[in-house]
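This report refers to the structure that appears directly beneath it.
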Amino acid sequence: MSNLPPYDLATLAVLLNAELVGNPNTKIHALATLKTANTGDLSFYHNSRYYTDLCETKASAVILSKNQATNYPGNKLLTDNPYICYARSSHLFKLEPSKEKAIAPSASIHASAKLGSNVAIGENVVIAQNVNIAKDVTVAANTVIEADVAIGEASRIEANVSIAHGVKIGKRAHIYAGVVIGSDGFGFAQEDDKYFKIAQLGSVIIGDDVEIGANTCIDRGALDDTVIGDGVKIDNQVQIAHNVEIGNDTVICGCSAIAGSVKIGRNCVIAGAVGIINHVEIADGVTVTAMSLVNQSIRESGSYSSGTGLSSTAEWKKNIVRFRQLDKLAKGLKKDK
Amino acid sequence: MSNLPPYDLATLAVLLNAELVGNPNTKIHALATLKTANTGDLSFYHNSRYYTDLCETKASAVILSKNQATNYPGNKLLTDNPYICYARSSHLFKLEPSKEKAIAPSASIHASAKLGSNVAIGENVVIAQNVNIAKDVTVAANTVIEADVAIGEASRIEANVSIAHGVKIGKRAHIYAGVVIGSDGFGFAQEDDKYFKIAQLGSVIIGDDVEIGANTCIDRGALDDTVIGDGVKIDNQVQIAHNVEIGNDTVICGCSAIAGSVKIGRNCVIAGAVGIINHVEIADGVTVTAMSLVNQSIRESGSYSSGTGLSSTAEWKKNIVRFRQLDKLAKGLKKDK
Amino acid sequence: MSNLPPYDLATLAVLLNAELVGNPNTKIHALATLKTANTGDLSFYHNSRYYTDLCETKASAVILSKNQATNYPGNKLLTDNPYICYARSSHLFKLEPSKEKAIAPSASIHASAKLGSNVAIGENVVIAQNVNIAKDVTVAANTVIEADVAIGEASRIEANVSIAHGVKIGKRAHIYAGVVIGSDGFGFAQEDDKYFKIAQLGSVIIGDDVEIGANTCIDRGALDDTVIGDGVKIDNQVQIAHNVEIGNDTVICGCSAIAGSVKIGRNCVIAGAVGIINHVEIADGVTVTAMSLVNQSIRESGSYSSGTGLSSTAEWKKNIVRFRQLDKLAKGLKKDK
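Chains A, B and C, in that order, give the protein sequences. So the first sequence is residues 84 to 420, counted in this note's numbering. So the second sequence is residues 84 to 420, counted in this note's numbering. So the third sequence is residues 84 to 420, counted in this note's numbering.
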């Protein structure tokens with residue numbers, strides 16, 4: 084069975100473990116949304132918001148749930164969870180340009196480094212002493228891996244990444260371009276008006292199946308390590324300070340800033356541009372909505388928010404004057420009663 | 084006519100298409116603000132806030148508007164828009180160290196890549212298969228350009244940039260150091276408590292005359308492309324998620340975070356550190372002020388804001404307690420009536 | 084006296100200028116927190132919040148203040164400021180893998196560049212014309228230093244850093260991976276609906292003893308320079324726009340965004356994810372708490388804040404509706420009286 088498009092719809096049904104209704108010989112060349120799909124495309128329906136698009140789609144076949152089957156007369160792949168089925172199918176249509184599984188001649192690899200089988204090391208990659216790269220790992224061009232780093236099986240490191248000494252990364256990690264892992268934590272002791280640097284003696288430990296988005300930074304610990312659990316997904320430009328601990332299967336969206344020694348539980352969702360002050364603890368199963376400031380620990384699962392919502396600037400200017408008077412207004416109100 | 088300072092004032096008048104009043108032989112060596120200017124400097128006056136500086140300036144000549152001409156007795160260049168005239172003049176005084184228009188011997192360029200005439204490729208640049216670099220393009224040292232990327236005429240890519248496969252960049256782009264374009268969008272399907280990666284099959288399409296600031300990230304689309312219009316100016320450390328579309332001549336200031344599938348119109352100004360949640364649409368001609376959260380679509384042009392304004396921390400602590408009581412306070416108020 | 088662990092406690096007392104009470108032959112292998120310490124570890128006690136940990140610690144010795152000496156019966160090092168003493172001790176236990184003090188053969192160093200004695204230049208580093216690197220400087224792999232840059236004695240530049248032409252950096256700087264210094268400021272003149280680029284003719288001047296965290300960006304000035312004072316400590320992913328001036332010994336935490344021409348005084352603390360709008364001035368000795376927006380100048384030292392504090396999302400949704408009505412509510416209140 085080929086792993087390259089186009090696919091017969093019958094082949095896709097097998098690969099995706101879905102029930103085929105319709106013409107098994109339909110040729111599928113690509114994936115597309117219901118709205119943009121044309122002949123030769125497979126699409127998916129997972130949310131009633133897109134019902135009109137489903138009715139009007141030109142897709143040659145649609146993934147949808149068994150209980151929605153009667154809503155679509157055309158060729159279809161029926162499944163319990165259409166969004167997961169779409170996610171699985173997406174990998175069948177990925178046509179990434181092949182990279183040679185080879186070690187580029189311009190890579191600088193220290194003699195003491197250990198490389199597993201089937202690794203690919205790009206141009207100008209620098210690998211220092213005692214680094215341990217497991218089998219099937221890919222390291223893209225111009226990435227720097229300092230001494231004593233370990234990278235687990237089938238992990239993929241993109242271009243221009245910097246990984247400082249002693250960092251440990253698990254299996255199947257995907258680390259995007261420009262990421263910095265293991266930079267010193269931001270620790271100083273104040274003496275009079277000057278700041279005296281505290282050496283950062285800990286490291287960074289990253290579990291299996293972790294994704295770390297472009298230009299994200301994860302600092303090494305001061306004494307203990309910074310720890311990222313298994314299955315954690317981190318988006319672009321996230322800042323994770325020293326000694327943060329993140330529980331398994333937690334998601335952190337772009338541009339969030341997590342200060343030192345924060346502990347986040349399992350299965351949390353930290354939305355984009357959230358700030359979390361230092362030493363805060365967050366329970367399992369917490370959602371924090373976009374751009375909220377977490378300035379206290381969160382002990383119970385649930386959804387939390389801060390901010391004012393959006394107004395026209397003219398109205399906002401009036402309301403922020405009142406916000407500054409809020410305590411006085413409230414006290415006046417109580418006195419009146 | 085020389086394109087290097089010093090210039091005669093008469094030469095500058097011609098180059099800037101301005102009306103000269105004063106001594107045409109005045110030698111101008113540099114540009115400076117009214118306040119810091121000295122003999123040999125050209126300055127500019129565009130805002131009445133700087134009127135005192137205009138009266139006291141030691142500049143050898145000043146750019147100002149025709150209707151302000153009588154406010155300054157010295158040598159002057161008169162023009163309709165002094166700020167634009169200053170902007171044009173700034174390029175005449177730029178003395179950037181010349182870079183050799185050459186291909187560095189340490190650059191790794193795939194045999195299938197196509198390079199136009201007069202390109203400059205820096206040390207350790209990596210250019211993969213089927214990349215197409217048009218004429219007059221400059222790529223600074225240690226930048227990585229993956230397979231199937233196209234870069235238009237006269238674009239300039241600075242150091243340590245990472246451009247992933249298939250990204251298309253227009254003419255006269257300026258892409259600053261550390262930028263990452265075409266990294267995977269942050270897309271997962273949740274199955275029980277685990278996240279399953281959705282392959283990101285789209286790309287990033289960037290128009291002409293676009294500026295992208297240092298360490299900014301623009302992710303590739305999930306199915307369709309992420310699209311940046313002509314003339315868009317993006318500052319440093321901006322995050323642009325998958326399938327975002329930005330209309331022509333929109334400005335996005337530093338550290339703003341734009342979530343997936345957001346559509347921003349033309350001629351908008353998104354100030355610094357703004358957050359925009361996913362699937363929001365923003366009309367043409369919208370301004371969002373600094374650090375606002377856009378958590379709903381904006382259908383009409385105008386200026387929008389969120390946040391509370393700044394207070395002393397002591398007062399703020401009292402007011403945020405009242406903010407949490409706001410709905411109760413307001414309800415109490417209505418009951419009283 | 085060895086500078087490598089393990090140390091006798093007596094040796095540590097001398098190196099740290101502390102008073103030893105207990106067994107001078109105690110062998111100390113590592114530093115640890117009171118909670119995680121075991122036999123062979125030195126710990127420290129500086130905050131009554133950790134009193135229980137002090138009582139239960141398994142550390143072989145503890146650093147504490149003279150007036151707390153009676154609270155701990157074990158081996159101890161007495162000092163006036165235990166946190167500073169811990170900071171000093173941390174450097175004694177730092178076992179960073181040694182880097183060769185050498186110039187890597189793959190580094191590209193222009194013939195006109197000047198390198199002091201005892202410098203270390205990593206693989207694929209690019210150093211352009213007229214760069215001046217003082218003695219004892221370390222530059223890690225894949226960093227790019229453009230023309231006319233000067234770097235002072237004993238400074239340390241990590242991997243994948245980009246320093247643009249003409250930037251001046253003082254002594255003992257520590258610049259972490261992915262930093263971009265001297266990128267163009269974000270300056271445009273608007274003409275009709277288009278933006279016309281203003282050449283950025285200034286540079287960046289950085290004092291002595293400055294720390295600049297991973298992926299931080301500092302832009303060059305438009306006409307004058309961007310200036311970072313002595314002893315300034317900047318965390319990861321901070322954005323410093325053109326013509327910002329930062330006074331000596333000021334601290335700026337992760338992800339803060341500082342817009343153009345902002346002036347920050349000495350000995351300020353700008354917490355994480357703060358935004359500061361352009362042209363604002365901040366006095367000496369000011370603290371701004373996490374994620375605040377500074378939208379006006381701050382003339383007096385003290386602590387300042389903005390934001391609403393965190394609520395459950397359900398309560399928050401009610402309160403932000405009321406926030407939008409705040410001016411009307413307050414006016415109604417006044418009318419009632």
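Quick reminder that beta carbons are idealized off the backbone N, C-alpha and C, glycines included. Model, not experiment: these values are computed from the prediction.
Q | When A:Lys346, A:Ala233, A:Ile192 are compared against A:Val310, the one with the closest alpha-carbon | A | Translated into positions along the first sequence, residue 310 of chain A becomes position 227. The option with the nearest alpha carbon to A:Val310 is A:Lys346.
Q | Within-8 Å CB hit, B:Thr122 to chain C | A | Here the question's residue 122 of chain B lines up with position 39 in the second sequence. No, its Cβ sits nowhere closer than 8 Å to a Cβ of chain C.
Q. Looking only at DSSP bridge pairs, what is B:Cys168 linked to?
A. For the purposes of this step, residue 168 of chain B is identified with residue 85 of the second sequence, where counting begins at 1. In the DSSP output, where bridge partners are listed per residue, B:Cys168 has none listed.
Q | Enclosing alpha helix (DSSP H) for A:Asp124 [first to last residue] | A | The count along the first sequence starts at 1 and reaches residue 124 of chain A at position 41. Segment 124–127 is the beta strand (DSSP E) holding A:Asp124; no alpha helix (DSSP H) there.
Q) DSSP state of B:Lys184, grouped into three classes? A) Residue 184 of chain B sits at position 101 when you count from the first residue of the second sequence. Reduced to three states, the DSSP call for B:Lys184 is coil.
Q: Could you work out which residue in A:Gly199, A:Val208, A:Asn350 is closest to A:Ala187 when comparing CA atoms only?
A: Looking up residue 187 of chain A in the first sequence gives position 104. The shortest Cα separation from A:Ala187 among A:Gly199, A:Val208, A:Asn350 belongs to A:Val208.
Q) From A:Ala233 to A:Asn215, what distance separates their C-alpha atoms? A) Reading the first sequence from its first residue, position 150 is the one you call residue 233 of chain A. Reading the first sequence from its first residue, position 132 is the one you call residue 215 of chain A. In a straight line, the C-alpha of A:Ala233 is about 5 Å away from that of A:Asn215.
**Q.** Given B:Lys118 as reference, the closest of B:Leu99, B:Asn106, B:Ala144, B:Ala96 once Cα atoms are compared
**A.** As a position in the second sequence, residue 118 of chain B is number 35, starting the count at 1. The option with the nearest alpha carbon to B:Lys118 is B:Ala144.
Q: Give a yes or no on contact between the region 365–379 of chain C and the region 404–419 of chain C, applying the rule of three or more CB pairs nearer than 8 Å.
A: no
Q: Say whether chain B places a C-beta atom closer than 8 Å to the C-beta of A:Asp332.
A: Counting from one through the first sequence, the residue named residue 332 of chain A turns up at place 249. For A:Asp332, the answer is yes, since a Cβ of chain B falls inside 8 Å of its Cβ.
(Q) Under 8 Å, Cβ to Cβ, is there at least one residue of chain E near B:Tyr259? (A) Absent from the structure: chain E. Protein chains present are A, B and C.
(Q) Strictly under 8 Å for the Cβ-Cβ distance: is A:Ser394 near chain C by that measure? (A) To locate residue 394 of chain A, count along the first sequence from 1; it is residue 311. Yes, its Cβ sits closer than 8 Å to a Cβ of chain C.
Q: Determine the direct distance from the alpha carbon of B:Ile360 to that of A:Thr299, and round the result to whole angstroms.
A: As a first step, residue 299 of chain A must be located in the first sequence, where it is residue number 216. As a first step, residue 360 of chain B must be located in the second sequence, where it is residue number 277. Those two C-alpha atoms are separated by around 19 Å.
**Q.** Contact under 8 Å by Cβ, B:Gly199 with B:Ala217
**A.** Here the question's residue 199 of chain B lines up with position 116 in the second sequence. Here the question's residue 217 of chain B lines up with position 134 in the second sequence. Yes.
Q: Within the region 265–348 of chain B, note down every full alpha helix (DSSP H) run reaching 4 residues or more, in order along the chain.
A: If we require 4 residues or more, the region 265–348 of chain B turns out to have no alpha helix (DSSP H) run fully inside it.
Q: Could you work out which residue in A:Gln283, A:Lys159, A:Pro156, A:Glu328 is closest to C:Lys177 when comparing CA atoms only?
A: For the purposes of this step, residue 177 of chain C is identified with residue 94 of the third sequence, where counting begins at 1. Among A:Gln283, A:Lys159, A:Pro156, A:Glu328, the Cα nearest to that of C:Lys177 belongs to A:Gln283.
Q) Listed from N- to C-terminal order along the chain, which residues in the region 280–296 of chain A have their beta-carbon within a distance smaller than 9 Å of any beta-carbon of chain C? A) Of all residues in the region 280–296 of chain A, Lys280, Ile281, Ala282, Gln283, Leu284 have a Cβ within less than 9 Å of some Cβ in chain C.
Q.
According to DSSP, is A:Leu95 part of a helix, a strand, or is it coil?
A. By one-based count along the first sequence, residue 95 of chain A stands at place 12. The DSSP-derived three-state label of A:Leu95 is helix.
Q | Partners in chain C for B:Ile403, counting only beta-carbon separations shorter than 8 Å | A | As a position in the second sequence, residue 403 of chain B is number 320, starting the count at 1. Per Cβ cutoff of 8 Å: Gly390, Thr391, Gly392.
Q. Using a beta-carbon distance below 8 Å, is C:Val227 in contact with chain B?
A. For this step, residue 227 of chain C is matched to residue 144 along the third sequence. Yes - at least one Cβ of chain B is within 8 Å of the one on C:Val227.
Q) Cβ atoms of C:Val352 and C:Val363: under 8 Å apart, would you say? A) If you number the third sequence from 1, residue 363 of chain C lands on position 280. If you number the third sequence from 1, residue 352 of chain C lands on position 269. Result no, Cβ atoms of C:Val363 and C:Val352 do not sit closer than 8 Å.
Q. With distances taken between CB atoms, is the gap from C:Ala324 to C:Phe269 smaller than 8 Å?
A. The sequence position of residue 324 of chain C within the third sequence is 241, counting from 1. The sequence position of residue 269 of chain C within the third sequence is 186, counting from 1. The answer is yes: Cβ separation under 8 Å.
**Q.** Extent of the continuous beta strand (DSSP E) run through C:Ile146
**A.** In the third sequence, the residue the question calls residue 146 of chain C occupies position 63. Looking at the DSSP string, the run of the beta strand (DSSP E) that includes C:Ile146 is 144–148.
Q) Looking at C-alpha atoms only, which residue of A:Ser172, A:Asp136, A:His129, A:Gly348 is the closest neighbour of A:Ala113? A) For the purposes of this step, residue 113 of chain A is identified with residue 30 of the first sequence, where counting begins at 1. For the residues A:Ser172, A:Asp136, A:His129, A:Gly348, the minimum Cα distance to A:Ala113 belongs to A:Ser172.
Q.
Can you tell me whether C:Ser131 is helix, strand or coil according to DSSP?
A. For the purposes of this step, residue 131 of chain C is taken as residue 48 along the third sequence, with counting starting at 1. Three-state result, C:Ser131: helix.
(Q) When you measure from the CB of A:Arg405 to every non-hydrogen atom of the ligand NAD, does any distance come out below 7 Å? (A) This structure simply doesn't include the ligand NAD, nor any ligand for that matter.
**Q.** Test: B:Leu98 CB closer than 8 Å to a CB of chain C
**A.** Indexing the second sequence from 1 puts residue 98 of chain B at position 15. So, not an interface residue.
Q: Could you confirm whether any beta carbon from chain C is found closer than 8 Å to the beta carbon of A:His325?
A: The sequence position of residue 325 of chain A within the first sequence is 242, counting from 1. A:His325 does not count as touching chain C.
Q: Kindly indicate the opening and closing residues of the alpha helix (DSSP H) around A:Lys400.
A: Stepping through the first sequence from its first residue, residue 400 of chain A is reached at position 317. 396–407 is the extent of the alpha helix (DSSP H) around A:Lys400.
Q: Measure the alpha-carbon distance for B:Ser388 versus B:Ser375 and round it to whole angstroms.
A: For the purposes of this step, residue 388 of chain B is taken as residue 305 along the second sequence, with counting starting at 1. For the purposes of this step, residue 375 of chain B is taken as residue 292 along the second sequence, with counting starting at 1. Straight-line Cα distance between these residues: approximately 5 Å.
Q. How many angstroms separate the CA atom of B:Lys414 from the CA atom of B:Asp291?
A. By 1-based counting over the second sequence, the position of residue 414 of chain B is 331. By 1-based counting over the second sequence, the position of residue 291 of chain B is 208. So the alpha carbons of these two residues sit roughly 54 Å apart.
Q: In angstroms with no decimal places, state the Cα-to-Cα distance between A:Ile289 and C:Gly253.
A: Position 206 of the first sequence, counted from the first residue, corresponds to residue 289 of chain A. Position 170 of the third sequence, counted from the first residue, corresponds to residue 253 of chain C. Using only the alpha carbons, I get a separation of about 35 Å.
(Q) Just list the residues that DSSP pairs C:Tyr155 with in beta bridges. (A) What you label residue 155 of chain C is simply residue 72 of the third sequence in a count that begins at 1. Answer is none; C:Tyr155 lacks a bridge partner.
Q: Just the chain C side, please: which residues come within less than 8 Å of A:Val209 by C-beta, in chain order?
A: Working through the first sequence from its first residue, we reach residue 209 of chain A at position 126. By Cβ distance, chain C contributes Gly205, Glu206, Asn207, Ala224, Asn225, Ala242.
Q: Show which residues of chain B have a CB atom less than 8 Å away from the CB atom of C:Ser191.
A: Here residue 191 of chain C is taken as the residue at index 108 of the third sequence, counted from 1. Chain B residues near C:Ser191: Ala187, Ser189, Glu206, Asn207, Ala224.
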